[in-house]
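**Q** Please see the structure below; I have some questions.
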Amino acid sequence: MIKRKVFEGVVERKAMRRITYAVALSASAILRVAQPRPTPILHASAWASLDMSISAIGVLRHSHRRRSFSRIASKTDDNKAAGLRATPQPVHPPPPPPQYHHQHRQHRQHRRQDETSIRSAIRTLRAGTGGYVEDVRYSRFLELVGKRQIERVTFNSEGTQLLGLLRPPGRRGRFLSLFGRNRHRTPPPPQRLVRIPNLPNDPALLDTLTDYNVDISVSSSSGLSTGPRAAVSSVLRKLLGTLSFFAWLFFLFRRSSGYPSSSPLSMARMKPSFNFFPNTNVTFDDVAGCDGAKLELSEVVDFLKQPQSYTNNGCVIPRGVLLHGPPGTGKTLLAKAVAGEAGVPFVSISGSEFVELYVGVGASRVRELFFQAKKNSPCIVFLDEIDAVGRQRGAGYAGGNDEREQTINQILVEMDGFDGNVGVITLAATNRLDVLDEALLRPGRFDRKVAVELPDVRGRTRILSVHARGKPLEPDVDLEAISRRTPGFSGAELENLMNEAALATARRGKSTIGWEEVDGALDRLMVGMEKRGGTSMLSRRQVEIVSYHEAGHAICGALIPDYDQVQKISIIPRSNGAGGLTFFSPEESRLESGMYSKQYLESQLVVALGGRVAEEIIFGEDLVTTGASNDLHHVAGIAKQMVKEFGMSNLVGRVALSSPVEGGPFMGRQLGLRQRNPWGSRMMGLVDSEVERLVNNAYLTAKLVLTENIELLHHLAYTLAENEVVTAEEFQMMVLLFDAKVCEYKIMGDDQNREHLPFKSFPKNV
1041 MIKRKVFEGV VERKAMRRIT YAVALSASAI LRVAQPRPTP ILHASAWASL
1091 DMSISAIGVL RHSHRRRSFS RIASKTDDNK AAGLRATPQP VHPPPPPPQY
1141 HHQHRQHRQH RRQDETSIRS AIRTLRAGTG GYVEDVRYSR FLELVGKRQI
1191 ERVTFNSEGT QLLGLLRPPG RRGRFLSLFG RNRHRTPPPP QRLVRIPNLP
1241 NDPALLDTLT DYNVDISVSS SSGLSTGPRA AVSSVLRKLL GTLSFFAWLF
1291 FLFRRSSGYP SSSPLSMARM KPSFNFFPNT NVTFDDVAGC DGAKLELSEV
1341 VDFLKQPQSY TNNGCVIPRG VLLHGPPGTG KTLLAKAVAG EAGVPFVSIS
1391 GSEFVELYVG VGASRVRELF FQAKKNSPCI VFLDEIDAVG RQRGAGYAGG
1441 NDEREQTINQ ILVEMDGFDG NVGVITLAAT NRLDVLDEAL LRPGRFDRKV
1491 AVELPDVRGR TRILSVHARG KPLEPDVDLE AISRRTPGFS GAELENLMNE
1541 AALATARRGK STIGWEEVDG ALDRLMVGME KRGGTSMLSR RQVEIVSYHE
1591 AGHAICGALI PDYDQVQKIS IIPRSNGAGG LTFFSPEESR LESGMYSKQY
1641 LESQLVVALG GRVAEEIIFG EDLVTTGASN DLHHVAGIAK QMVKEFGMSN
1691 LVGRVALSSP VEGGPFMGRQ LGLRQRNPWG SRMMGLVDSE VERLVNNAYL
1741 TAKLVLTENI ELLHHLAYTL AENEVVTAEE FQMMVLLFDA KVCEYKIMGD
1791 DQNREHLPFK SFPKNV
């Protein structure tokens, strides 16, 4: 029992000594932060920590003394009690109690240890707060440098102040460690600094410091700060990287745990970003150039306005309408017009917004979309670019799962599944009808397919009138003439045309849009911007070559039968790389029907080769240029199509040697195997020979036309070189002036040769 209590006392003394050192070191650390000029508040905190440790040691010593005397007294009482009960013994004088002297000796030893601990703590505190800055004279500083007591110096950015660090004096002493009796550690020596506030201009100072191996540095600031702010800023700079790293980790974990779009489970709960319009404010009057599509969609408007008149007769309201056609024809505008005419809400979303990284998110968004639509029924749901999610399922070489398949399955169920979808009509738009899944196109899903085609001349005129609202036009601007010059333009392209004309008017500082701005905007959209400088950037030789090249195209196009009308000839370089261009105005009926005769295709070959033939006639075969490379590619493509696809060759026969493009295995409609060519090498040889024959015949025809009209060729080329542009009216006057001869030919029975009839002396097609 006594050993146990003695052991507890030893443990308490050790713990108290460690606490004392801990308090002393904490006080030293407090003052180190503010060195070399600690504030009085920090001094008071440090010394209060020491007083606390001294008081704790005193309390421990007093309690230990009381426990020691109480143990001795209790032992004496126990002995007395044992003596009364035991057999009487002879009485001897009591020996002097050595325990008392032993106890006092132990107390004195403990007291000395405690005092030593306090002194060590005080030394530690003083060592931690011993750093200071002393302002010295320049002579004193040189003396310290000569004694090699300066270790490092720092100049300010202006070179007017100097701060020097004195070398440490060495070991100050040894004190007991807090973590063991036999472990010792040398406290860090205090830093002593000397400062010269006003540094004189001494050119030999740097050489002196270098001779004595003094480390030299320059501060980025104009002053040298050594107070508490400098120490705190130094600590903060050291901790900045660590704090930034932990802050980044904190926000990363917070984002992964709480942000809705980062967690896979929470992404499904995100609502799709669909657009909801209670009223679109768009009617059929705002849509022009697609009368057939508006006629078919007007029935959908009647379904929404008067559903009883159809349901009473046993009619089923169509579930979906698919709008398909080229880009920019107004499919989205038509869908808004249907909702505006019917006066129902309009909900729209893009097909690409259903596709996410995780499987099932697209299906959940489809459910959310139709849930909101049913809440606001009757309404229209518009799926723009549905080919992004509604492609043919099971396509590709591999048989992996695809997020789009889950999404399209959910769309099919929502449109015609187990639940009725009364009052919600789905409109969708696509540019690729051939890539959609067959289940999406069956009756009950998209019951109607409305084709939105490119507008004709009348439709383009009405579209131009719509987009010309609010734009001041000059009287010479004829919208019908613009529509005739823009065959194949969509509504979006016509809108862009009028906008480009308005921008050109603003750049030139005009208040009204004239024909010059409209014509320039049309050329810019079709062939690119004009290069700055025009033909002035070309040499005279290059201008002549380009002029004869374009004149050859124009003359062949005007004097070859069954070809388009020449609209304008220009040799101004364009941004697309073309050195010159000849504009033709194709017939509207030919473009709308898509039917091209054999004679028209052969005339295309002649016109395309006219530029190269003109260069050969004027400059010789050795001086032809690469400017006709694009024309040669165009000629080869047309000739191959005539032989392999259109069956326009008696030698090969009326067969199609190329299979129609069905999208390959990625459309899911054929195997992903390499298809072997079913035609032999002999047939391919015949194809090559027929292509060569067509090209040679076109070359000879172009050469005959230009040779018979050589004077017209020279005059047109000279006019282009001088004016850069020749209009259709000017070119027609030249043809009449030079009595141009038109080429005519008749086709022989075997289609092997052409017999050129005599040239007629009047223009047939200018």
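The opening residue of the sequence shown carries number 1041 in the numbering used here; numbering runs sequentially from there.
The C-beta atom is built at its ideal place from N, Cα and C for all residues, glycine as well.
(1) Is Val-1735 helix, strand or coil when you go by DSSP?
(2) Measure the beta-carbon distance from Val-1322 to Lys-1376 and round it to whole angstroms, keeping in mind my assumption that it falls under 8 Å.
(3) Express the C-alpha separation of Asp-1602 and Leu-1631 in angstroms, rounding to a whole number.
(4) Could you give the DSSP three-state label for Asp-1487: helix, strand or coil?
(5) Within 10 angstroms of its Cβ, does Cys-1330 collect 16 or more other Cβ (buried), or is it exposed?
(6) Once the 5 residues before and after Gln-1639 are set aside, which same chain residues still bring their CB inside 8 Å of it?
(7) Could you give the distance in angstroms between the alpha-carbon of His-1755 and the alpha-carbon of Ala-1761?
(8) Just to confirm before moving on: does the CB-CB distance between Arg-1488 and Asp-1427 stay below 7 Å?
(9) Quick test of the definition: if touching needs 3 or more C-beta pairs under 8 Å, does the segment 1681–1696 touch the segment 1620–1627?
(10) Put Cys-1419 into one of helix, strand or coil per three-state DSSP.
(11) Please name the residue, chosen from Phe-1422, Gly-1186, Gly-1597, that lies closest to Val-1745 on a Cα-to-Cα basis.
(12) Return yes when at least one heavy atom of the ligand SAH lies under 6 Å from the C-beta of Ile-1553, else no.
(13) Express the C-alpha separation of Gly-1360 and Arg-1433 in angstroms, rounding to a whole number.
(14) Suppose contacts are defined by Cβ-Cβ distances below 7 Å. Is Val-1384 in contact with Pro-1418 by that definition?
(15) Apart from the five residues just before and just after Glu-1751, which ones in its own chain have a Cβ nearer than 7 Å to its Cβ?
(16) Closest to Asn-1018 by C-alpha separation, out of Ala-1541, Gln-1201, Glu-1730, Gln-1450, would be which residue?
(17) Can you look up Gly-1281 in the DSSP assignment and give me helix, strand or coil?
(18) Round the Cβ separation of Ser-1615 and Thr-1369 to the nearest angstrom and send it over; I've been treating them as touching at under 8 Å.
(19) Counting C-beta neighbours from all protein chains within 10 Å, is the total for Val-1356 16 or more, i.e. buried, or is it exposed?
(20) May I ask you to report which of helix, strand or coil DSSP gives Gly-1360?
(21) Compare the C-beta of Ser-1392 with all C-beta atoms of chain D and state if any pair is closer than 7 Å.
(22) Excluding the five sequence neighbours on either side, which residues of its own chain have a C-beta within less than 7 Å of the C-beta of Lys-1371, listed in chain order?
(23) Are three or more beta carbon pairs between the segment 1558–1575 and the segment 1515–1530 nearer than 8 Å?
(24) Please report the straight-line C-alpha distance between Val-1475 and Arg-1431, rounded to a whole angstrom.
(25) Is Asp-1559 helix, strand or coil by DSSP?
(26) In whole angstroms, give me the CA-to-CA distance for Pro-1495 and Ile-1657.
(27) Would you kindly work out how many angstroms separate the C-alpha atoms of Leu-1423 and Asp-1456, rounded to a whole number?
(28) According to the neighbour-count rule (16 or more other Cβ atoms, all chains shown, within 10 Å of its Cβ), is Ala-1742 buried or exposed?
(29) When the Cα atoms are used, what is the spatial distance from Leu-1409 to Leu-1292?
(30) For Lys-1334, which residues of its own chain have a beta-carbon under 6 Å away from its beta-carbon, when the five flanking residues on both sides are left out?
(31) Need the endpoints of the beta strand (DSSP E) that Arg-1232 sits in, please.
(32) Suppose the cutoff is 6 Å on Cβ atoms and the five residues either side in sequence are ignored; what does the same chain contact list for Asp-1559 look like?
(33) Check this for me: beta carbons of Val-1664 and Glu-1655, under 7 Å apart or not?
(34) Three-state secondary structure (DSSP) at Leu-1473?
(35) Check each candidate in Val-1731, Pro-1367, Glu-1445, Ser-1721 and name the one with the smallest Cα separation from Glu-1642.
(36) With a CB to CB cut of under 8 Å and the five nearest residues on each side skipped, what residues in its chain are close to Asn-1536?
**A** A quick look at the data gives this:
(1) Residue state for Val-1735 is assigned as helix, using DSSP reduced to three classes.
(2) About 4 Å separates the beta carbon of Val-1322 from that of Lys-1376, a gap short enough to meet the 8 Å contact definition.
(3) Their backbone Cα atoms lie some 14 Å apart in a straight line.
(4) Three-state result, Asp-1487: coil.
(5) Classification for Cys-1330: buried.
(6) Hits under 8 Å: Pro-1601, Asp-1602.
(7) Using only the alpha carbons, I get a separation of about 10 Å.
(8) Taking 7 Å as the cut-off, the beta carbon of Arg-1488 is found no closer than this to the beta carbon of Asp-1427.
(9) No contact exists between the segment 1681–1696 and the segment 1620–1627.
(10) In this structure, Cys-1419 counts as strand in the three-state DSSP scheme.
(11) Of the candidates Phe-1422, Gly-1186, Gly-1597, the one whose C-alpha sits nearest the C-alpha of Val-1745 is Gly-1597.
(12) Absence of the ligand SAH is noted for the structure shown, with no ligands found whatsoever.
(13) Cα-Cα distance, rounded: 20 Å.
(14) If you check the CB distance, Val-1384 and Pro-1418 come in under 7 Å.
(15) For Glu-1751, where only same-chain residues beyond five positions count, the Cβ hits under 7 Å are Phe-1778.
(16) Examination of residue 1018 is not possible in this model, given that the chain is present from 1041 through 1806 alone.
(17) Secondary structure of Gly-1281 (DSSP, three-state): helix.
(18) 27 Å between Cβ atoms; not a contact.
(19) With fewer than 16 other CB atoms across the displayed protein chains lying within 10 angstroms of its CB, Val-1356 is exposed.
(20) Reduced to three states, the DSSP call for Gly-1360 is strand.
(21) Included in the structure is just one protein chain, with no chain D present.
(22) Result list for Lys-1371: Leu-1363, Gly-1365, Ala-1469, Val-1492, in chain order.
(23) Contact between the segment 1558–1575 and the segment 1515–1530 is present, because at least three Cβ pairs lie under 8 Å.
(24) Distance between the alpha carbons of Val-1475 and Arg-1431 is about 5 Å.
(25) Residue state, collapsed to three classes: helix.
(26) Whole-angstrom Cα-Cα distance: 42 Å.
(27) The alpha-carbon atoms of Leu-1423 and Asp-1456 are separated by roughly 16 Å.
(28) Taking all protein chains shown into account, Ala-1742 has 16 or more neighbouring C-beta atoms within 10 Å of its C-beta and is therefore buried.
(29) Our two residues, Leu-1409 and Leu-1292, have alpha carbons roughly 31 Å apart in a direct line.
(30) Cβ neighbours of Lys-1334 within its own chain (closer than 6 Å, five residues either side excluded): Phe-1324.
(31) Secondary structure note for Arg-1232: its beta strand (DSSP E) is the uninterrupted segment 1232–1236.
(32) Beyond the five residues adjoining it in sequence on each side, Asp-1559 comes within less than 6 Å, by CB distance, of no other residue in the same chain.
(33) Closer than 7 Å, so yes.
(34) Looking at Leu-1473 - three-state DSSP - the assignment turns out to be helix.
(35) Per the Cα distances, Val-1731.
(36) Counting only Cβ-Cβ distances below 8 Å, and skipping sequence neighbours, we find Leu-1565.
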